[in-house]
Amino acid sequence: MVNSNYVPEWYMSPFRHIQYTLARNQLHMDLLFDDMEEADQFLSIDGAAAQVDYYQKGTYAVVQLGDTSERDLIEVYGLLLHESVHVWQRIRKLMGEREPSSEFEAY
């Protein structure tokens, strides 16, 4: 279901407040933070199927998605959507936006 050859890359949010990526395992976490000496344990929250952690004063976000082999594709989409909302909430906070317009939220 999910490409086993995936290699994480950093992406920049549209307003350039956060760099974000997806990690699928501990190796990805180690690779992402190779030069930062700040890598955490992959899926450090007990029982979590997915989570997001922030680094460098919240300017880097790592969405972590565990094993999806037993999940339907819609479940995987739901997990990714849930974690992406957390990233969006962090971006809003960094921008000082407490109540953005619906058009602004669409970004």
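Residue numbers (this note's numbering): 59 to 165.
We treat Cβ as the ideally placed atom computed from N, Cα and C, and that holds for glycine.
Selection from the options that minimises the alpha carbon distance to residue i
| i | options | result |
| --- | --- | --- |
| Gln99 | Leu90, Ala108, Gln84 and Leu80 | Gln84 |
| Val134 | Asp92, Leu80, Val65 and Glu67 | Leu80 |
| Ser142 | Tyr78, Glu157 and Glu67 | Tyr78 |
| Ala107 | Gly116, Gln114, Tyr118 and Arg82 | Arg82 |
| Ile103 | Gln122, His140, His86 and Glu128 | Gln122 |
Rounded C-alpha distance that separates residue i from residue j
| i | j | result |
| --- | --- | --- |
| Asp130 | Leu137 | 11 Å |
| Ser62 | Val110 | 20 Å |
| Ile132 | Thr126 | 11 Å |
| Leu90 | Arg150 | 24 Å |
| Tyr69 | Glu157 | 25 Å |
Local conformation of residue i per DSSP, three classes
| i | result |
| --- | --- |
| Leu131 | helix |
| Gly136 | helix |
| Ser159 | coil |
Note down, one range per segment and in chain order, each beta strand (DSSP E) of at least 3 residues found wholly within the segment 61 to 128. The beta strand (DSSP E) runs of length 3 or more contained entirely in the segment 61 to 128 are, from start to end of the chain, 77 to 81, 108 to 113 and 118 to 123.
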